[in-house]
Structure formats: structure tokens, C-alpha cells
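Student:
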Amino acid sequence: MNIFQEIQTQVQQAFPALFGSEVELNKITINETPKDFIGDITLVVFPLLKLTKKNPEESAKTIGEFLVNNNKNITAYNIIKGFLNIEIYNDYWINYVLNQESGILNPKSETVLIEYASPNTNKPIHLGHVRNNVLGYALAGIYKANGYNVIKANLTNDRGIHICKSMVAWQQFGNGETPENTTDLKCRKGDHLVGKYYVEFDKHYKQQIADLIEQGKTKEEAEKQAPILLAAQEMLLKWENGDEETIALWKKMNAWVYAGFDITYKNLGVDFDKFYYESNTYLLGKNSVEDGLQKGVFFKKEDGSVWIDLTEDGLDQKLVLRADGTSVYITQDIGTADLKYDDFKMDQSIYVVGNEQDYHFKVLKLIMQKLGRPYADGIHHFSYGMVDLPSGKMKSREGTVVDADDLIADMINIAKEQTEALGKIDDFTEDEKTALFRTIGLGALKFFLLRVDPKKRILFDPKESIDLHGFTGPFVQYTYARTRSILRKAENIISHDSQFMTQDYQLHASEKELIKVLYKYSIVLEESCKEMNPAKLIDYSYEVAKTYNKFYNDCPILVAETEEQKKIRLHLTQQTGSTIKKCFAIVGIDVPERM
RNA sequence: GGCCGCGUAGCUCAGGGGAUAGAGCAACUGCCUUCUAAGCAGUCGGUCGCACGUUCGAUUCGUGCCGCGGUCACCA
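For what it's worth, the numbering used here labels the leading residue of the first sequence as 416, then goes sequentially.
Structural data, given as C-alpha cells:
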């Protein structure tokens, strides 16, 4: 229990004795004291006045007196209007911070399955997918750090009409181009090769539509009759019937894509515990539809199609099985949800998917609840905003995307240029340099994507490169490198006695500020999990770095005035470094020893 | 049109019933013979989209309106 909760509970328990009535815990508002007031913690008494039956000053005084007399960590209080400002002994903060060790909060027995990435195998990964990957990985890290048992799952969308489109285009216009024999350097990476034919398909499709309209067809007719589309549809049928040639082509092209994805995942530093493939799961869910029909959750229309009526839940009727008995998107998701539960018996199932699918996941959760699945209440759609360009939405089909591989390369390049300009690492080996540029470039990129509230959309202007100064990943990384530099220079610093402080040690204002920031680590970690918001942790890492830099400017460390002061400052330096490292490790950002 | 999300400084974003609304970028001013200046300190910049309501107190909660985005497929 942290000091905020401790005081809150203490006041609640003493309340009847002090004022003769009970009080709810959430009525007791505890905040950090704003900078310009004296005190560490502030209790707002206004909400309590009805219960205390006294004016604000008297109520505050009663509580203040009680706390000073009954909590050994509290040294004094002052009252300004209805605010009770409480001062805490320095020892309390210091001892807590210096002894804070573990990075993982109390282990829990719950299992959380987090599905993210979930790419289509017809095109390379773009910036929107990068946001998904980075958010999913960070969220998983946060759950882990909060003591949950976490499974990272990737549901690869490897079949369907869109996959057949690239296949058809490659067949018709590919001339046998492969990642091995291609002259297009970019297409050596297989996902780009396949993506090229996805774009190619769209080009020809549009041209054919135009031609058909020229020949007198209506737009609707033309869109349905374009030969290349018919070819894709025919290929899908062949695929579903297990046609050997088609399956072989599908396997070949998917293998190219997977090889490419592996490289990008590795570059992004994300990983998965379990891969699901839609080609294996797309037939699942039909049994559940049968089950739902018997339970009366679903109903059958005259044409044989199966529906669910969600009008009572404020939604519409939704198709779950076509009249010809084939499944739709949601049918597969029903089946896959069950499959995940069979595999992992998860308590929570989180889907990291863009907010354009809010409606779909609302429906999915309702269906699972109505089917009475034990994990249904634990389904959660982690909905995040799109990454838009100044020109609008990114569309792979039309080639208007910020490619992930390009962007990563750009970021590393920017890191390289700026680092070399500073000339601090001229003694690095080539390997060390490469590693550092990658750490900084990816740090900047991931921080940029994570610092924004997930549900907000991000506008990305490719013309403006991602910054390396200010509220950025490299700023925090730089601070970490600073702490490392100090610690390298200090010799036999970290004595393991943590009680070395004398009672009357006077904390410098910047020391105290830093200590109080470091104190909040586990509070923030817990909050970022509860609110499912990696930005909280990112924001905090910045606050730590910012506060340390101020401390660094104000307080000499290695040349401190006394040995005691030096020890404390080195400890704070060490704690700052480890806190930054922990935060960044959780969300998947590396940290350099020097930069 | 129905439903969902968003609207805070010139720009990008924090805050989320409580005291004087905070950062970064941009612009301007100082600080490297001292532990990494990718830093620190400062100046400039706000009717928290608009209106009404609830409250001791609203930028925060509610309702309505306006603006932007998404969605309402037998696509995924």
C-alpha cells in the first residue's frame, strides 16, 4: 500500500470516532500537493463537509491533528481554504525509494491473452500496423509487469479473396518474378513483392472497369464483371476446393510474405507466443452457430441464413451464417475465440484492433455472452485510432502508405546523422554504432507512437521527421546514458546498507522532487494496466528523465559536499536509471549505455 | 440519418469534479575551464469548440448544438 492509500484508509477508519459518521473511501480525495504550496500530499475536505458537520477549516484541523498524532510518517500539516496539506518525513520517501527493487507487481493467477499484429498476407506492413504492433507489445508488457500470465497471439489472415488478388496478378503479370530473381531491390523482401502485385491487381481492375464502362456497361455491372476480379473469385473457389496448383501457389507466395514479416517483426522487436492462421480457423464457428440455434440465441430465416437479433441491445440484426452455409467474418471470430479458450483457458481476451471495428467487437462480445462462454465477460476490444496522413487514410491498394521498413530505415538514418554530428561516439566500433543508431531510431519511433492516448488518431506527416529532442524517446534514453556515465565514474559506490542516512540530512528541493517521482513507479505501472494505457507509462518515463535532468543540473553528484550526500545522490542516479530501463523494457524500447 | 470516438497554446499532445490548466515543438534570451548542452533556466503564447444544466466548486459530469473522424456489408 502506498502512502496515498494509507492515509486515505486511515482517515476512513478514524472518521466515525472523529465525526460520528461513516464515510465512503472514494469521498476521501487525496492528491499530490501542487508545487507552490507547502506539503506533499493534499486531502480535499470539501466533499466531507456534509458528514463532518463542521466548517472546512475545523474539519481539516481535526483530520490534520489526528494524522500527525497517529501516522509516524507525517510531520506537519497546514490548511488553506478547504485543502489539508500534509507533510511527510523525508526518511519515508528516501527509504522507500532506495529499497524499491522489484519490477513486477504481485503475481496474479489470471491469464490474459492479447491478440495483436494480425496481418494480411497480401501486403507489407505499414505505419498503421506498426502502431498496432507497438501497442500490442507494450500492453502485453504492462500486463506481465503487473503480474499477469500473458499470452501474445497473432492471428494471421492468410486466405480469402484479397489474398487471391495478389496471386492472380502475379500469375498474369509476374513473369516468374521471385524474391530471389527480382531486379527490384525492395522486392527481395517477399512481402513487398507480393504487395506489388496487390497494387498491380487494383490497377488492372480499375482499368478493366473503365474499359467496360466505355463499352456501355453501368458502373455496377463493370465492377462485377471485370475479368481480373472474376479470375480472383474463381481462384478462391479453387483454393477452397483444395486445388493442388492453387494451394501450391498460395503456399509459395505466403512463404515469401512470412519471410518478409519475420524481418520486420525482428526489426520492431515484437514477438508472439502463438500463431493462429485463418486458413485453419475459417471453418470453425459453424458448430457454435448450431449450438446457438438450439439455445435460441440465433434464428434461421426462410432462405436458410442464420442471424442474431441484437435490437434489444441497441444494435441491429447481424448475419452469422450465409444461406449457402458458408461462414462470414464473425463466424470465424466466434470459432477462434473458442479455440483460444481451449488452448489457454484465458480469463481475459484482449483484441488489439483498430477503432474502425468497434461495432464488430461489440457484436462479438454480445454473442459470446449470449452463448454463455465462460470467458465472454473477459473479452475486450483494445480499440486504437488510425494513423492518418495529411492526405487522408493510408491505403495499401493505392500505394498511399508509409511503409514500415522504409520508416524504420529512415529513423535509424536520422539517428545516425544526428549522433555523428555530436561526435561523442567516435571510439565506438562499427557494430556498436549500428546498434546505437537502431536503439535511438526505434526508440524515437516507438515513443512517438506510444505517447499518444491509444484511442486518439495520429496524424503523421512524412515530410516532418520524428523529433529526437524534447518529449521524445531519445531524451529519455539520453538521461539513462547520463546515469550510466556517472555510475561508471563513481567507484565502489553502491554500498548495500540502505539505512546510511542520518536523520537530519537536508534534502535539496531537486533531490526531493526526484525521490517523489521515483516513488510513483508502481502506482503508475498499476494505473497504466488498469486503464490499458501505455501512454501513462511513457509519460511517466519522461517525467522521471525530466526531473533527473533538473536534479543533475542543480546537484553535483561525484563532487558532492559530503560522503553522505554523494552516496544518496549516486543511489538516486542508480534508481533513476533502473526505473527508466524498467519502463522502457516493459513497452519494448531499448536503452543505451552511452550516446 | 442512427450509433461510437474526438475537439485544451500557432503546431503535436498531457490533465479529467478542487487551489494560479501543464509539457514538447516553433520564436526569442541566458547557461559548456565542473559529473554527457540529445541538457538546464527563462520570455512569449489559453473565453479548455458553443450553450444550458447539476454542484460549495465544471476545462473535467449531464443534455443539446457545431466541427472532424469512424461505423451502420451475405468485405475482412
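For glycine and all other residues, C-beta sits at the position ideal for the given N, C-alpha and C.
The model shown is predicted, which means the values in this text are computed figures rather than measured ones.
Would you mind sorting H911 into buried or exposed? The rule is 16 or more other CB atoms within 10 Å of its CB.
Tutor: Confidence is the limiting factor: at H911 the pLDDT is only 49, short of 50, which leaves the residue's position unreliable, though a coordinate-based value still follows. So H911 counts as exposed.
Student: Let me make sure I understand the geometry here. Which of I456, L708 and E926 has the alpha-carbon closest to that of I503?
Tutor: For I503, the closest C-alpha among the options I456, L708 and E926 is that of I456.
Student: If distances are taken between C-alpha atoms only, which option among Q428, Y895 and I972 comes closest to F999?
Tutor: Y895
Student: By how many angstroms is the C-alpha of E437 removed from the C-alpha of P462?
Tutor: Between the alpha carbons of P462 and E437 lies a gap of roughly 13 Å.
Student: What does the alpha-carbon distance come out to for the pair E942 and Q747?
Tutor: 34 Å
Student: Where does Q427 sit, in a helix, a strand or coil, going by DSSP?
Tutor: In this structure, Q427 counts as helix in the three-state DSSP scheme.
Student: With S764 and L528 assumed to form a contact (beta carbons below 8 Å), what rounded beta-carbon distance in angstroms separates them?
Tutor: The pair is a contact, with the Cβ atoms about 5 Å apart (cut-off 8 Å).
Student: Could you check the C-alpha separation between G479 and Y507 for me, to the nearest Å?
Tutor: 18 Å
Student: Alpha carbons only, please: which of D706, K710, G740 and G729 is nearest the one belonging to S720?
Tutor: G740
Student: For T444, which of L499, S880, N417 and A432 has the nearest alpha-carbon?
Tutor: L499
Student: Please report the straight-line C-alpha distance between F687 and Y957, rounded to a whole angstrom.
Tutor: The alpha-carbon separation between F687 and Y957 amounts to approximately 28 Å.
Student: To test your reading of the DSSP string, which unbroken beta strand (DSSP E) runs of 3 or more residues are found completely within the stretch 729–800?
Tutor: 732–736, 763–769 and 794–799
Student: With a threshold of 8 Å on Cβ separation, who are the neighbours of S588 within its own chain once the five nearest residues in sequence on each side are excluded?
Tutor: Reading off the sequence shown, one finds Phe at residue 588, where the question assumed Ser. For F588, where only same-chain residues beyond five positions count, the Cβ hits under 8 Å are Y612, E615 and H619.
Student: Specify, as a first and last residue, the run of the beta strand (DSSP E) that Y492 falls within.
Tutor: I489 to I495
Student: Would you report the Cα separation of I662 and S742, rounded to the nearest angstrom?
Tutor: C-alpha separation (whole angstroms): 20 Å.
Student: Start and end of the alpha helix (DSSP H) containing E832?
Tutor: A819 to L837
Student: Taking the CB atoms as reference points, tell me whether N569 and A532 lie closer together than 8 Å.
Tutor: Yes, they are a contact pair.
Student: Cα separation between L952 and V939?
Tutor: 7 Å
Student: Any chance the stretch 547–562 sits against the stretch 775–791, with 3 or more Cβ pairs inside 8 Å?
Tutor: no
Student: Can you have a look at H544 and say buried or exposed, based on whether 16 or more other CB atoms are within 10 angstroms of its CB?
Tutor: buried
Student: Kindly indicate the opening and closing residues of the beta strand (DSSP E) around A689.
Tutor: The question names Ala, yet the displayed sequence has Lys at residue 689. Start and end: K689 to Y692.
Student: Skipping 5 residues on each side, what residues in its chain have a beta carbon closer than 6 Å to that of K996?
Tutor: V1006
Student: Given a threshold of 16 other Cβ atoms within 10 Å of its Cβ, counted over all protein chains shown, does L664 qualify as buried or as exposed?
Tutor: buried
Student: So, with DSSP's three-state summary, where would you put V672?
Tutor: Reduced to three states, the DSSP call for V672 is helix.
Student: Is it right to say R853 is buried, meaning 16 or more other beta carbons lie within 10 angstroms of its own, or is it exposed?
Tutor: buried
Student: So K538 and V609 are in contact, right, with Cβ under 8 Å, and what is the actual spacing, rounded?
Tutor: 7 Å
Student: Given a threshold of 16 other Cβ atoms within 10 Å of its Cβ, counted over all protein chains shown, does Y774 qualify as buried or as exposed?
Tutor: The residue is exposed, with fewer than 16 neighbouring Cβ atoms inside 10 Å.
Student: Roughly how many angstroms lie between the CA atoms of K523 and A555, to the nearest whole one?
Tutor: 14 Å
Student: Residues in the same chain with beta-carbon distance under 6 Å from F430, minus the five sequence neighbours each way, listed in chain order, please.
Tutor: So the qualifying residues of the chain are V438.
Student: How close, in whole Å, do the beta carbons of P471 and L464 come, if the pair is a contact with beta carbons under 8 Å?
Tutor: With a beta-carbon spacing of about 6 Å, P471 and L464 fall inside the 8 Å limit used to define contacts.
Student: Is the Cβ-Cβ distance between T887 and V932 less than 8 Å?
Tutor: no
Student: Just to confirm the assignment, what range does the beta strand (DSSP E) spanning V459 have?
Tutor: I456 to V459
Student: In three-state terms, what does DSSP make of K808?
Tutor: Note: K808 maps to coil in three-state DSSP.
Student: State the CB to CB distance for the pair F713 and V735, rounded to an integer number of angstroms; the pair is presumed to be in contact (CB under 8 Å).
Tutor: That belief holds up - the Cβ atoms of F713 and V735 are roughly 6 Å apart, short of 8 Å.
Student: Contact between the stretch 574–582 and the stretch 639–655 is defined here as three or more beta-carbon pairs at a separation below 8 Å; is this criterion met?
Tutor: yes
Student: What does N590 pair with, by DSSP beta-bridge criteria?
Tutor: N590 is not bridged to any residue.
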